[in-house]
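A.B. asks: Here it is, the structure, as structure tokens.
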Amino acid sequence: METRIWKMPGDKPNLAMLKEAAQLLNQGEIIGFPTETVYGLGANALNEEAVKKIYKAKGRPDDNPLIVHICKIEHAKELVKEITPSALKLMENFWPGPLTLVLPKSELVPDIITAGLDTVAIRLPAHPVALKLIELAQVPVAAPSANISGKPSPTTAEHVWQDLKGKIAGIVDGGKAGVGVESTVLDMTGQIPIILRPGGTTREQLMEVIGEVRLDASLHDSQAAPRSPGMKYTHYSPEAEVIILKGTSHEQAGKIKKIIKENRAARVGFMISQELAAVLPKNLSQNIVLEILGRQGDLETITANLFDALRKFDQKNISVIYAESFPEINIGAALMNRLLKAAGGKKV
Ligand code: AMP
Ligand code: MG
60 METRIWKMPG DKPNLAMLKE AAQLLNQGEI IGFPTETVYG LGANALNEEA VKKIYKAKGR
120 PDDNPLIVHI CKIEHAKELV KEITPSALKL MENFWPGPLT LVLPKSELVP DIITAGLDTV
180 AIRLPAHPVA LKLIELAQVP VAAPSANISG KPSPTTAEHV WQDLKGKIAG IVDGGKAGVG
240 VESTVLDMTG QIPIILRPGG TTREQLMEVI GEVRLDASLH DSQAAPRSPG MKYTHYSPEA
300 EVIILKGTSH EQAGKIKKII KENRAARVGF MISQELAAVL PKNLSQNIVL EILGRQGDLE
360 TITANLFDAL RKFDQKNISV IYAESFPEIN IGAALMNRLL KAAGGKKV
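All the letters of the sequence shown, read from the start, carry residue numbers 60 to 407 under my numbering.
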């Protein structure tokens, strides 16, 4: 299949191009498009055959449900049984934005979206191109991240092309996704909201608006079964092995220097902050590749660059990537969750 590319001027929607993309969605095709978190792979959420194409193109396990994207808060009403006052409060405070709410689903939502669960995950993205595309399609748009399942999520149209060219009808290019990790998935079906997946909206931000917010047990206990089906799969993994460095920044710098000194022939990558890069020897051998994520204190930038850096190492034939660890505060919780998954839990 020919995969078309519609290039927006930056993150500004081009109406004529988005009409073509929306028309393809309405014809049951699947389209890559930018959101503020990562690129999504969209299908008309009410068309089962179209949604099946998403699972097929990504190689996504069929027990992993999809997030439904809408362009107006009112549109949530028809997808769920009831919008509770606390869910409404969150929608009003955090939408459009990187927050996905899990609520009891209505009859309208096909089982293929929810993988048979009686709840549905909904989000209103904060990206002008995504919003315009959904508005023009006039349907809710089911969209997981637009990567092959298990690979790092795509933060540019180029990443989507690398993974899905020839398998999907088109890609809307709206520049680099800003947040760089996926939305926070929040279960709103119980008394107290539970974070099933940390993401672009932080626990700290949520607690300021609705008080107590818990973390799903699986996020701090590796033995506990996750309640978000997607969290049980290997994720975000480049071809190379990923290992997370433990300890203070000073200790991590010491470990990197030792690895560099002892390395003979292996192609080794380091995914680190500017601060750690600054204390390394200047003349590194060709076998050592650095990807600098940003300043240590700027967790937003570090997070935004994470998936792109993981993909770059693969293009440079690296066999092991050592990743700096960062504090799990604010967006750092989502950042470290993705890093830990990419590393399959390996630390040194
Ligand atoms: P992705 O869009 O690929 O980033 O993945 C969406 C995430 O949301 C996955 O971890 C899913 O398991 C999760 N998810 C989607 N729908 C539900 C639901 N109804 N209940 C719990 N988790 C969900
Ligand atoms: Mg994904």
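Backbone N, C-alpha and C define an ideal beta-carbon position, used for all residues, glycine too. These figures come from a predicted structure and were not determined experimentally.
Count the other C-beta atoms from every protein chain shown that fall within 10 angstroms of the C-beta of isoleucine 377, then say buried if there are 16 or more, exposed otherwise.
C.D. replies: Buried, since its Cβ has 16 or more Cβ neighbours within 10 Å.
A.B. asks: Which term fits alanine 80, buried or exposed, when burial requires 16 or more other beta carbons within 10 angstroms of its beta carbon?
C.D. replies: buried
A.B. asks: So if I measure from each beta-carbon to every heavy atom of ligand 2 and keep distances below 6 Å, which residues remain?
C.D. replies: Pro203, Ser204 and Ser212
A.B. asks: Select from Asn73, Ala401 and Ile303 the residue whose C-alpha is nearest the C-alpha of aspartate 232.
C.D. replies: Asn73
A.B. asks: Helix, strand or coil for tryptophan 154? Go by DSSP, reduced to three states.
C.D. replies: coil
A.B. asks: How close, in whole Å, do the beta carbons of leucine 162 and isoleucine 181 come, if the pair is a contact with beta carbons under 8 Å?
C.D. replies: 7 Å
A.B. asks: Taking C-beta to C-beta, are valine 97 and serine 204 nearer than 8 Å?
C.D. replies: Cβ atoms of valine 97 and serine 204: closer than 8 Å.
A.B. asks: What is the residue span of the alpha helix (DSSP H) that aspartate 222 lies within?
C.D. replies: According to the DSSP assignment, aspartate 222 belongs to the alpha helix (DSSP H) that extends over 216–223.
A.B. asks: Alanine 276 to arginine 286, Cα distance in whole Å?
C.D. replies: Going by the C-alpha atoms only, they are around 9 Å apart.
A.B. asks: Is the beta carbon of leucine 245 closer than 8 Å to that of threonine 159?
C.D. replies: yes
A.B. asks: Please tell me whether glutamate 383 and leucine 335 are closer than 8 Å, where the distance is taken between their beta carbons.
C.D. replies: yes
A.B. asks: So, for alanine 216: in the same chain, excluding its five sequence neighbours on each side, which residues have a beta-carbon less than 6 Å away from its beta-carbon?
C.D. replies: Ile230 and Asp232
A.B. asks: Between the alpha carbons of isoleucine 303 and arginine 273, how many angstroms are there, rounded?
C.D. replies: 26 Å
A.B. asks: With C-beta atoms as the reference, is leucine 349 less than 8 Å away from isoleucine 361?
C.D. replies: no
A.B. asks: Quick check: the Cα distance between histidine 309 and alanine 102, rounded to an integer number of angstroms?
C.D. replies: A direct Cα-to-Cα measurement between histidine 309 and alanine 102 gives close to 47 Å.
A.B. asks: Check whether the segment 131–148 and the segment 176–192 touch, using three or more Cβ-Cβ pairs below 8 Å as the test.
C.D. replies: yes
A.B. asks: With 16 as the cutoff for other CB atoms within 10 Å, does alanine 324 come out buried or exposed?
C.D. replies: exposed
A.B. asks: Measure the C-alpha to C-alpha separation of alanine 269 and lysine 320 and round it to an integer number of angstroms.
C.D. replies: Note on residue identity: the sequence assigns isoleucine, not alanine, to residue 269. About 50 Å.
A.B. asks: Which residue from Ile227, Glu387, Lys375 and Ile142 puts its Cα closest to that of glutamate 298?
C.D. replies: Lys375
A.B. asks: Report, in whole angstroms, the separation of the C-beta atoms of isoleucine 89 and alanine 189, which I expect to be a contact under 8 Å.
C.D. replies: Between isoleucine 89 and alanine 189, the beta carbon gap of about 15 Å keeps them out of contact (Cβ cut-off 8 Å).
A.B. asks: Tell me, which residues are paired with alanine 201 by DSSP?
C.D. replies: The bridge partners DSSP lists for alanine 201 are Ala102 and Val127.
A.B. asks: Taking only heavy atoms of ligand 1 into account, decide whether any of them is closer than 7 Å to the Cβ of serine 287.
C.D. replies: It does: the Cβ of serine 287 is within 7 Å (strictly closer) of some heavy atom of ligand 1.
A.B. asks: So does the segment 392–404 actually touch the segment 249–258, counting three or more Cβ pairs closer than 8 Å?
C.D. replies: yes
A.B. asks: Under 8 Å by Cβ, that's how I've got isoleucine 172 and proline 124 pegged, so tell me the actual separation to the nearest angstrom.
C.D. replies: 6 Å
A.B. asks: Among residues of its own chain, excluding the 5 on either side of glycine 225, which ones have a beta-carbon nearer than 7 Å to its beta-carbon?
C.D. replies: Taking C-beta separations shorter than 7 Å and ignoring five residues to either side along the sequence, the partners of glycine 225 in its chain run Met60 and Thr62, following chain order.
A.B. asks: In angstroms with no decimal places, state the Cα-to-Cα distance between lysine 235 and lysine 111.
C.D. replies: 27 Å
A.B. asks: Just mark glutamine 311 as buried or exposed, buried being the case when its beta carbon has 16 or more other beta carbons within 10 Å.
C.D. replies: Under this definition glutamine 311 is a buried residue.
A.B. asks: Going by alpha carbons, who is nearest to asparagine 342 out of Trp154, Lys316 and Gln86?
C.D. replies: Lys316
A.B. asks: Which two residues bound the contiguous beta strand (DSSP E) that contains phenylalanine 385?
C.D. replies: Careful: phenylalanine 385 lies outside any beta strand (DSSP E) and carries neither H nor E.
A.B. asks: Is it buried or exposed for histidine 279, if we count other Cβ within 10 angstroms and need 16 for buried?
C.D. replies: exposed
A.B. asks: Taking valine 168 and leucine 138 to be in contact with their CB atoms under 8 Å, please state how far apart those CB atoms are, rounded to whole angstroms.
C.D. replies: 6 Å
A.B. asks: Any heavy atom of ligand 1 inside 7 Å of the beta-carbon of alanine 180?
C.D. replies: yes
A.B. asks: Given this structure, state the Cα-to-Cα distance separating alanine 363 from aspartate 222, to the nearest angstrom.
C.D. replies: 19 Å
A.B. asks: Let me know the secondary structure DSSP gives glutamate 300 once reduced to three states.
C.D. replies: The three-state secondary structure of glutamate 300, taken from DSSP, is strand.
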